[in-house]
Amino acid sequence: MAMIQDIHPGLLLLDRMDDWAEPDVLHSFALDELLCRQTGIDGVPVLHLWRHPSGFVMGPRDSRLPEAALASKELERLGLSVAVRNSGGAAVPLDPGVVNISLILPLQGSASVRFNDDFQLMYELIAAALDGFGARVDKGEISGAYCPGDYDLSIDGLKFCGIAQRRLSRSYIIQAFVNAGGSGAERGRLVRQFYDTAAGSSGTDLSYPLVEAGTMASLEELVDGLWPDPARMFAEAAADAAFGSGRGHAVFPAVRMPASSAIRELAHSLRGRYPIGRRP
-15 MAMIQDIHPG LLLLDRMDDW AEPDVLHSFA LDELLCRQTG IDGVPVLHLW
35 RHPSGFVMGP RDSRLPEAAL ASKELERLGL SVAVRNSGGA AVPLDPGVVN
85 ISLILPLQGS ASVRFNDDFQ LMYELIAAAL DGFGARVDKG EISGAYCPGD
135 YDLSIDGLKF CGIAQRRLSR SYIIQAFVNA GGSGAERGRL VRQFYDTAAG
185 SSGTDLSYPL VEAGTMASLE ELVDGLWPDP ARMFAEAAAD AAFGSGRGHA
235 VFPAVRMPAS SAIRELAHSL RGRYPIGRRP
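Spelled out as structure tokens, the structure:
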């Protein structure tokens, strides 16, 4: 695989793996949006690695389930920050064991119509990151997994990663959640509980993922050598795969970081734009 740095020269690394300052799960999505707008202006690509201590993000379709608001409140009582994301996909829980990769790139010519190429690029990045650990990553929908899609990433039939994207007029974001540490099945049970509540009495009359916890796993459970800090080790491997091992990483300069007030303002706007159910 060609390094992303070779395909998109000038790639910058924004490592927020240990930034726990903002409790709102939408903060990082708002930051991605602002960074994407900037990339649309100046063409500078960004690899953003981040985590959230306790969050739950759902897709727009999830948010319209009959009892989505009730299910959201149940999650909030568990201490989770809950929101609807502005990219595609379905419900995903976030915690310190989940590494989020946001690849923010300028649109270049015919790339604007090649949606699958974008997913393929993220697949190749993650597969390259895990190749050094002797892991073979497969792609293709895993029945029963949460946030299902054609680009479910799995090892030995168990999903550990899902991919979504967000497009603006001159730039786009490819987002992946990677279950690096912890229990994939426990996350699966949490998502199943959300859907069981959110569907209400309508049950199977509605279209939503029928999650089976046993279809999910984490890299810690699937790959030898990711210990004692699987999330950090995977993130470092992903950065090396993007830039090339031993070639160094161009660090995101502080001067490019949007103001905290602008990020919070956009996060607030996104929460209003993507409401959950019919909240009072």
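Everything in the sequence shown is counted per our numbering, starting at -15 for the first residue and increasing by one.
Think of the CB as a built atom: it goes at the ideal place given N, C-alpha and C, for glycine as much as any other residue.
Residues bridged to residue i by DSSP?
{"i": "F40", "result": "V66 and P77"}
{"i": "R84", "result": "A quick correction: the sequence has Asn, not Arg, at residue 84. According to DSSP, which records beta bridges pairwise, N84 is partnered with W34 and F161."}
{"i": "G146", "result": "F161"}
{"i": "L(-5)", "result": "According to DSSP, which records beta bridges pairwise, L(-5) is partnered with nothing at all."}
{"i": "D122", "result": "S138"}
{"i": "V266", "result": "Here the chain covers residues -15 to 264 and nothing more, so residue 266 does not appear."}
{"i": "P90", "result": "S155"}
Can you give me the Cβ contacts of residue i inside the same chain, cut-off strictly under 6 Å, excluding the 5 residues immediately before and after it?
{"i": "L210", "result": "L203, E204 and M217"}
{"i": "R263", "result": "Residue confidence is low: R263 scores 49 on pLDDT, short of 50, so the model does not pin down where it sits. Its coordinate-derived value is still stated next. Counting only Cβ-Cβ distances below 6 Å, and skipping sequence neighbours, we find A53."}
{"i": "A215", "result": "G81, V83, A164 and G165"}
{"i": "G72", "result": "A148"}
{"i": "Q159", "result": "S71, S86 and A148"}
{"i": "G(-6)", "result": "V28"}
{"i": "E196", "result": "G128"}
{"i": "F117", "result": "V207 and G209"}
{"i": "D122", "result": "S138"}
{"i": "P242", "result": "L18"}
{"i": "S186", "result": "P50"}
{"i": "G63", "result": "S38"}
{"i": "F265", "result": "Because the chain here runs from -15 to 264, residue 265 falls outside it and cannot be looked at."}
{"i": "H36", "result": "V9 and L78"}
{"i": "I126", "result": "D136, S138, K143 and T199"}
{"i": "M42", "result": "V68 and A75"}
Check each candidate in the options and name the one with the smallest Cα separation from residue i.
{"i": "P80", "options": "V9, A119, S186 and D122", "result": "V9"}
{"i": "S138", "options": "R120, L(-4), C131 and S153", "result": "R120"}
{"i": "V30", "options": "C20, H36, G39 and S38", "result": "C20"}
{"i": "L206", "options": "S167, D224 and P193", "result": "S167"}
{"i": "S38", "options": "G27, V76 and A219", "result": "V76"}
{"i": "K143", "options": "G172, L152 and Y156", "result": "G172"}
{"i": "Y156", "options": "D102, C131, L109 and G141", "result": "D102"}
{"i": "A183", "options": "P90, S56, L33 and S244", "result": "S56"}
{"i": "D3", "options": "R151, L33 and M(-13)", "result": "L33"}
{"i": "V175", "options": "V28, L59 and Q(-11)", "result": "L59"}
{"i": "A(-14)", "options": "L87, R48, F227 and G118", "result": "F227"}
{"i": "R151", "options": "P(-7), T23 and I(-12)", "result": "T23"}
{"i": "I260", "options": "D(-10), E170 and P50", "result": "P50"}
{"i": "A222", "options": "E125, M42 and D115", "result": "D115"}
{"i": "G256", "options": "I(-9), S47 and G198", "result": "S47"}
{"i": "S191", "options": "I25, P132, G63 and I110", "result": "P132"}
{"i": "E108", "options": "G198, E170, A225 and I126", "result": "A225"}
{"i": "A169", "options": "T199, F178, S186 and D180", "result": "T199"}
{"i": "I(-12)", "options": "A5, A219 and L105", "result": "L105"}
{"i": "I25", "options": "G124, A111, Y135 and I88", "result": "I88"}
{"i": "E220", "options": "Y179, I110 and Y130", "result": "I110"}
{"i": "R61", "options": "F178, E6 and E249", "result": "F178"}
{"i": "A112", "options": "H(-8), A67, S244 and S229", "result": "S229"}
{"i": "S244", "options": "D(-10), H(-8) and E6", "result": "E6"}
{"i": "L78", "options": "P193, C145, F99 and R240", "result": "C145"}
{"i": "F161", "options": "G141, N100 and Y135", "result": "Y135"}
{"i": "R248", "options": "I(-9), H(-8) and D16", "result": "D16"}
{"i": "A201", "options": "D180, P193, G141 and R240", "result": "G141"}
{"i": "L194", "options": "A74, D(-10) and I(-9)", "result": "A74"}
Please work out which residues of its chain come closer than 8 Å, Cβ to Cβ, to residue i, disregarding the five sequence neighbours upstream and downstream, and give them in chain order.
{"i": "A246", "result": "L18"}
{"i": "Y258", "result": "P44, S47, A67, V68, R69 and N70"}
Keeping to the same chain, check which residues put their C-beta closer than 7 Å to that of residue i; ignore five residues upstream and five downstream.
{"i": "L91", "result": "R154, S155 and Y156"}
{"i": "L254", "result": "L10, F13, A14 and N70"}
{"i": "A251", "result": "D8, L10, H11 and A14"}
{"i": "G124", "result": "D134 and D136"}
Task: Entirely enclosed alpha helix (DSSP H) segments - the segment 156 to 225, minimum 4 residues - done: 168 to 182 and 203 to 206
TODO: Report yes or no: do the segment -11 to 2 and the segment 229 to 244 share at least 3 C-beta pairs separated by less than 8 Å?
DONE: yes
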